[in-house]
Amino acid sequence: MKMKKLALLCSTAALFASQAALADINVGVSLSSTGPGAALGIPEKNAVALLPAEIGGEKINYMLLDDATDPSAATKNARKLTTEDKVDILLGSSVTPTSLAIAEVAVESQTPQIAIAPANLPPEKDRWVFRTPQHVNVMASAVVAHMKAKGVKTVGFLGYSDAYGEDWLVAMKPMLEAAGIKFTTVERFNRTDTSVSGQVLKIVSSQPDAVLVVASGSPAALPQTALVERGYKGQIYQTHAAANPAFLKVAGKAADGAIMPIGPVVVVDQIPDSHPSKKPGQAFVKAYEEKYGAGTFSSFAGHVHDAGSLLQAAVPVALKKAKPGTSEFRAALRDAIEGAKDVVGVHGVFNMTPTDHFGMDDRGRVLIRVENGGYKLIAN
Amino acid sequence: MDLQIAILLGQDGITTGAIYALLALALVLVFAVTRVIFIPQGEFVAFGALSLAALQTGNAPATLWLLLACGACVAVLDGRTALARNDGRKLVAVLAANLGYPLLLAALLFAFSPANLPVLVQVALTLAIVVPLGPMLYRLAYQPIAEASVLILLIVSVALHVMMVGLGLLFFGAEGVRTPPFSDARFEFGSILINGQQIWVVLVSALLIVALYLFFDRTIYGKALRATAINRNGARLMGFSPVFAGKLTFLLAALIGVLSGVLIAPVTTIYYDTGFLIGLKGFVAAIIGGLASYPLAAAGALLVGFLESFSSFWASAYKEVIVFTLIIPVLLWQSLNRHHVDEEE
């Protein structure tokens with residue numbers, strides 16, 4: 003009898019709690035703060051605490067879940083968030099496979115999603131899904147332009163044997179062809195590999211003018227050091243996913259001279275004052291490092307901040323059309339994000355269109371060279 | 211592919227193979243004595259490397275707190291038994307080993323800044339911190355179910371592995387580390403360049419294998435462990451405690467794991483979850499040895515190392531597939547050639 007009463011009490015309390023939450027705007031967040039994607043997910047989780055607490059007079063509730071970089075856990079999270087918590091929008095996840103898993107639920111439940119990974123989707127599924135990170139094309143075009151300007155004729159490719167490596171390969175191929183540059187060899191490695199000597203030997207013996215390493219964070223340091231140790235003298239290009247303090251620390255001296263395309267927020271103090279992201283970028287880096295310690299900022303946190311910028315622009319528009327917690331509001335929010343024009347984030351400027359749910363242009367990237375363990379902005 | 215590339219790949223294969231060989235030996239040893247398939251073996255590699263890196267940045271590694279916590283648990287469990295038996299001397303010994311030792315180590319670390327010590331002292335400190343976790347984990351996780359079936363022991367191993375990977379993420383963060391090499395020496399033979407760390411890896415592995423051989427062949431404890439592996443009940447009747455055998459085995463396994471981690475930390479980047487894959491490849495080698503034969507396991511480890519380095523040259527996208535597919539013909543051959551005696555039934 004006692005148990006029954008307790009259960010009744012609990013369910014009533016839960017009912018009241020959920021009703022109270024219904025009046026506000028609920029944002030469901032699923033990030034990969036453990037598992038292989040933890041290097042991305044942890045700074046992103048940190049950045050959630052800095053997202054706006056109130057937009058257009060409405061309180062925003064963030065429900066933060068961890069998907070352990072596991073697509074099936076991400077699906078479960080997304081289902082829980084959409085059915086139990088009735089969220090108005092989904093945020094996440096940190097890497098492409100988990101983001102694609104959430105996208106399935108987003109499309110099915112007609113909930114808008116802002117992914118924090120550059121996940122590609124076929125057009126019919128793209129309707130509810132937006133992303134804050136730059137499309138790989140935006141980054142790749144900067145690399146190819148630099149190669150062309152420097153007279154590079156041949157490139158060796160050493161990338162992850164996963165979706166990230168594949169995306170870069172697919173993006174680079176037509177651009178390189180147009181620029182008259184050839185791949186000498188395409189090699190793959192895994193994040194957890196303890197040696198890339200074989201791949202590096204093959205690349206060095208094919209004598210390319212430049213090498214492109216496609217990897218993220220500190221795992222990108224292994225090919226970098228292996229190439230330098232093997233005496234490779236050509237230009238080494240890294241991708242934006244490698245741009246974090248751990249890469250610089252692990253690669254040490256070997257990283258010097260590497261060139262990579264990155265979001266402007268990483269070198270926010272060096273970009274010209276005319277860049278729209280300069281001011282918000284500086285403010286965000288300052289706020290982040292005040293909360294989590296100097297030197298802890300990572301560009302991944304910036305993508306979560308930019309999701310907040312999109313929300314800040316879209317929510318007031320959607321509020322005029324419908325009440326939060328309804329399917330009408332979710333549809334209105336989706337339309338408002340798709341209509342976002344000149345929304346300034348720390349990584350660049352968003353102009354969403356029905357066919358482009360990435361929204362970033364050339365202002366979303368700069369090229370940098372690694373010098374003495376730091377980044378130096380170079381002209382595109 | 212010319213001769214020079216083949217030599218370079220072979221050199222790489224020997225270095226990684228040496229590490230796999232050490233881990234394979236540890237896995238065979240643990241299985242033979244305790245019937246535990248020790249999946250967390252790889253975590254000792256990662257914990258060793260990451261603790262050394264933490265020491266070098268001048269921090270007390272978080273594994274020290276794990277040691278304190280595990281020590282406290284063991285002290286409570288064993289101390290209670292000693293109290294119930296009114297065994298004062300045993301109580302003192304238990305407290306000294308499980309509480310006194312970690313606390314002394316912690317005091318030492320805070321008294322001397324570890325960042326400025328010579329590399330070999332840092333390595334010794336790392337061993338002193340991480341290796342005792344082996345017998346403590348045995349006491350906490352395996353000893354209470356020592357008589358259970360292989361399957362149950364395996365499930366506990368998986369649980370322990372998942373727990374240790376999670377703790378690794380909590381302790382060391384998601385990013386990898388690379389420690390400075392023990393020596394910057396480089397040797398050139400014609401066009402072949404061998405760096406000092408590779409020699410360290412191969413030499414220490416070879417030394418350790420010889421030392422293990424001597425231990426099992428010449429010392430009374432080694433012989434007792436071998437006896438336990440052959441017949442647990444027989445060894446017990448001869449007065450050799452299976453609990454002690456288990457602890458000694460886990461001490462050796464942890465020692466091998468941590469030493470492997472310390473050795474490869476300067477040649478590769480180690481992450482909190484790197485250990486699993488390294489351990490798994492050691493496991494492939496151990497399977498080649500039928501989880502029983504030490505020389506076959508060591509040979510298997512070298513085979514895995516070579517296969518890995520040559521396949522990363524020829525078909526880098528299929529490297530892991532090639533290495534792990536190796537296990538299928540080996541298992542087929544073993545199941546056709548062997549009389550399977552299951553002691554469980």
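So the sequence lines, in the order shown, correspond to chains X and D. If you read the first sequence in this note's numbering, its first letter stands for residue 3, the second for the next number, and so on. If you read the second sequence in this note's numbering, its first letter stands for residue 211, the second for the next number, and so on. Cβ atoms here follow ideal geometry from the backbone N, Cα and C, with glycine treated the same way. From a predicted model like this one, the values you see are computed outputs, not experimental measurements.
Residue range 184-191 is occupied by the beta strand (DSSP E) that includes residue 188 (chain X). Counting only runs of at least 4 residues, the segment 413-465 of chain D fully encloses the following alpha helix (DSSP H) elements, listed from N- to C-terminal order: 430-440 and 442-447. Between residue 277 (chain X) and residue 344 (chain D), the alpha-carbon positions lie close to 56 angstroms from each other. Contact between residue 266 (chain D) and residue 389 (chain D) holds, with the beta-carbon distance rounding to 6 angstroms and staying under 8 angstroms.
Around the beta-carbon of residue 170 (chain X), 16 or more other beta-carbon atoms lie within 10 Å, marking it buried. Counting every other CB atom within 10 Å of its CB across the protein chains shown gives residue 204 (chain X) a total of 16 or more, marking it as buried. If you ignore the 5 residues before and after residue 436 (chain D), its C-beta comes within less than 7 angstroms of the C-beta of 426, all in its own chain and listed in chain order. About 7 angstroms separates the beta carbon of residue 251 (chain D) from that of residue 492 (chain D), a gap short enough to meet the 8 angstroms contact definition. Identification of residues in the segment 179-196 of chain X having a C-beta nearer than 7 angstroms to some C-beta of chain D yields 189, 190, 191, 192, 194 and 196, given in sequence order. For residue 520 (chain D), the neighbours in chain X by C-beta distance under 8 angstroms run, in chain order, 200. Taking 8 angstroms as the upper bound for CB-CB distance, residue 136 (chain X) and residue 366 (chain X) are in contact here, some 5 angstroms apart. Looking at X:180, X:93 and X:355, the one whose alpha-carbon comes closest to that of residue 113 (chain X) is X:93. DSSP places residue 169 (chain X) in the uninterrupted alpha helix (DSSP H) bounded by 165-181. In this chain, the beta strand (DSSP E) harbouring residue 237 (chain X) covers 237-240. Residue pairing by DSSP places residue 68 (chain X) opposite X:33 in a beta bridge. Within chain X, the residues 220, 248, 251 and 252 have their CB atoms less than 9 angstroms from the CB of residue 387 (chain D), given in chain order. Residue 254 (chain X) and residue 189 (chain X) have their C-alpha atoms some 24 angstroms from each other. Rounded to the nearest angstrom, the gap between the Cα atoms of residue 28 (chain X) and residue 62 (chain X) is 6 angstroms.
When D:287, D:542 and D:323 are compared, the shortest CA-CA separation from residue 308 (chain D) is found for D:287. For the pair of segments examined, the segment 214-223 of chain X was found to touch the segment 474-493 of chain D: the number of CB pairs separated by less than 8 angstroms reaches three. Going by DSSP, residue 405 (chain D) is part of the beta strand (DSSP E) stretching over 402-405.
Between residue 301 (chain D) and residue 292 (chain D), the beta carbon gap of about 4 angstroms places them in contact (Cβ cut-off 8 angstroms). In this structure, residue 312 (chain X) lies away from residue 348 (chain X), with their beta-carbon atoms at least 7 angstroms apart. Residue burial annotation: residue 332 (chain X) is buried, with at least 16 other C-beta atoms found within 10 angstroms of its C-beta.
Setting aside the 5 residues that flank it on each side, residue 285 (chain D) is surrounded in the same chain by 304, 305, 308 and 309, each with a C-beta closer than 7 angstroms to its C-beta; the list follows chain order.
Within the segment 217-228 of chain D, contact with chain X at the beta-carbon level (separation under 7 angstroms) is assigned to 218, 219, 222 and 226. Going by beta carbons, residue 248 (chain D) and residue 232 (chain D) fall outside the 7 angstroms limit. Here residue 534 (chain D) is exposed, its C-beta having fewer than 16 other C-beta atoms within 10 Å. Interface residue (Cβ-Cβ distance to chain X less than 7 angstroms): residue 381 (chain D) is not classified as such. Under DSSP, residue 115 (chain X) takes part in a beta bridge, and its partners are X:92 and X:131. Annotated as proximal: residue 325 (chain D) and residue 268 (chain D), with beta-carbon spacing under 7 angstroms. In the three-state scheme derived from DSSP, where H, G and I count as helix and E and B as strand, residue 110 (chain X) is classed as helix.
Below 8 angstroms, enough C-beta pairs join the segment 90-104 of chain X and the segment 69-82 of chain X to call them touching: three or more. Residues of chain X with a Cβ closer than 9 angstroms to the Cβ of residue 487 (chain D) are, in chain order, 192, 194, 195 and 196. Residues of the segment 467-485 of chain D with a C-beta less than 9 angstroms from any C-beta of chain X: 474, 477, 478, 479, 480, 481, 482, 483 and 484, listed in chain order. When DSSP states are grouped into helix, strand and coil, residue 357 (chain D) belongs to the coil group.
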